[in-house]
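Q: Residue numbers (our numbering): 44 to 539.
The beta-carbon is built from N, C-alpha and C at its ideal position, and this holds for glycine as well.
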């Protein structure tokens, strides 16, 4: 047995070891506490910095607030007093627009906002229409003084030339609308384009956002019902835009106004008595089928329901009204409106009128030139009336090219295109459209019922020194158009 003195000494030693172990644990806990504190401090500083950045961002968003006014100038035309006033009229138009909008902003509590105005229009087409109404000169851009006065009146007002191609103004307006609709500095948007339902899709995501959007109504234009369904603010801006529609005086219309379809939405349709087509058929409203006629039952043009399923493909030339064929139609339509500088005289290579007539080609045979290149029968460019009637007829039911041009359609009653005989005067327009699509076999084709073109009949073809685009290969435009012989159909060449 150990004596008590040794036991007491060992107990003291054990107590000393126990004290040292407790100190280490305390130190470890303290170190862990410091690490946790540092993490919390770092998180706090990040949150504090983030909050400061948010406050700064909020302050920046409230800095320089503005409202945006978007105007489709092809439809929303300024008052006659402004238009006829030239440069001074443009200045007064800008002032009237800004002052009227300021009153509206006061009711919305946004009187502190700057006002930015963007008007987009086809200046050439609009000048022509206003010239016909005696409101502008005959110059190509007779509205230029008005727009200059409009632009220099305020730093943020711009009347922008959108270009002569149709729908350019729509394209620009929609892009601006998408850009500023989500801009926090833009507090409100006034849209003056409610004569065109094409803007509905752009506004649909903001349905019910009356605090962000105001639709501008004009007495001279139809305000489409679809805009009422968006549950947005609707206001008129008195004294800014015309109160009556424009009207075209009697007489020939401009032969080429690139945006006439767009601008005509602001015109009063001519009376049926003054716009009769051949056969005493009344003028058809071109906007009814697309639900864009602003006169409703009071329209003086006939409303024809053209809603029939449209063909999305063309099977072996059964119908050429696909997206590619629509470009062919524009090419053929241009052929009517242009006359080649070399359309008479020459050695035959530049004179499409030297092509054989359909009556001069023997039945069952194909016309060939001296190079054995196939020639088509000459197709005189149709008149504007014929083209208009043809488009209306095709909108009702697409005509079968194989049946009416080639003379035979294998699908017969199962064909989705119309086999009923159209008026005889429309057949040249149908054949002209069909022949404006180049045949894949070019001049080597010997298929007698082929409905495609084998030579270019475009009057102003760029390959023959003209200025118009041509979809035909170069070789099909510079052929000798004088018939040299007539050949039979080649059976080996028949399938296509």
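Rounded to the nearest angstrom, how far is the Cβ of residue 163 from that of residue 215, given a contact under 8 Å?
A: 5 Å
Q: Which of the three DSSP states is assigned to residue 494 in this structure?
A: coil
Q: If you reduce the DSSP assignment to three classes, tell me which class residue 237 lands in.
A: coil
Q: Starting from residue 115, trace the beta strand (DSSP E) both ways and give me its first and last residue.
A: 109-115
Q: Could you tell me the distance, in whole angstroms, from the CA atom of residue 207 to the CA atom of residue 115?
A: 14 Å
Q: Between which two residues does the alpha helix (DSSP H) holding residue 142 run?
A: 129-151
Q: State yes or no: is the C-beta of residue 478 within less than 7 Å of the C-beta of residue 496?
A: yes
Q: To the nearest angstrom, how far is the alpha carbon of residue 53 from that of residue 90?
A: 56 Å
Q: Which of the three DSSP states, helix, strand or coil, is assigned to residue 163?
A: strand
Q: Based on Cα-Cα distance, which residue from 178, 93 and 198 lies nearest to residue 544?
A: Outside the shown range of the chain (44 to 539) lies residue 544, about which nothing can therefore be said.
Q: From residue 86 to residue 77, what does the alpha carbon distance come to, in whole angstroms?
A: 14 Å
Q: Under three-state DSSP, which class holds residue 529?
A: strand
Q: For residue 134, count neighbouring Cβ atoms within 10 angstroms of its own Cβ and tell me buried if that reaches 16, exposed if not.
A: buried
Q: Please go through the same chain and pick out, in chain order, the residues whose beta-carbon is closer than 8 Å to the beta-carbon of residue 130, but skip the five residues on each side of it.
A: Short of 8 Å from the beta carbon of residue 130, and not among the five residues preceding or following it, lie these beta carbons of its own chain, in chain order: 188, 189, 191 and 192.
Q: Suppose you measure from the CA of residue 277 to the CA of residue 169; what does that come to, to the nearest Å?
A: Rounded to the nearest angstrom, the two C-alpha atoms are 26 Å apart.
Q: Buried or exposed for residue 242, please, with buried defined as at least 16 other CB atoms from any protein chain shown within 10 angstroms of its CB.
A: buried
Q: For residue 535, collect the residues of the same chain with a Cβ closer than 8 Å to its Cβ; drop the 5 residues on either side in sequence, then sort them by chain order.
A: The pLDDT assigned to residue 535 is 45, lower than 50, so where the model puts this residue is not dependable, and the model offers no usable value.
Q: If you pair each beta-carbon of the region 521-530 with each one of the region 466-485, do three or more pairs fall below 8 Å?
A: Too few Cβ pairs lie closer than 8 Å, so no.
Q: Which residue from 425, 530 and 217 puts its Cα closest to that of residue 406?
A: By alpha-carbon distance to residue 406, the top candidate from 425, 530 and 217 is 530.
Q: Residue 276 by DSSP, collapsed to three states: which one?
A: strand
Q: When you compare only the Cα positions, how much space is there between residue 159 and residue 244?
A: 24 Å
Q: Can the beta-carbon of residue 231 be found less than 7 Å from the beta-carbon of residue 166?
A: no
Q: I believe residue 285 touches residue 122 by the beta-carbon criterion, under 8 Å. Please report the beta-carbon distance rounded to the nearest angstrom.
A: 6 Å
Q: Among 200, 79, 138 and 195, which one has its Cα closest to the Cα of residue 109?
A: 200
Q: Which term fits residue 401, buried or exposed, when burial requires 16 or more other beta carbons within 10 angstroms of its beta carbon?
A: exposed
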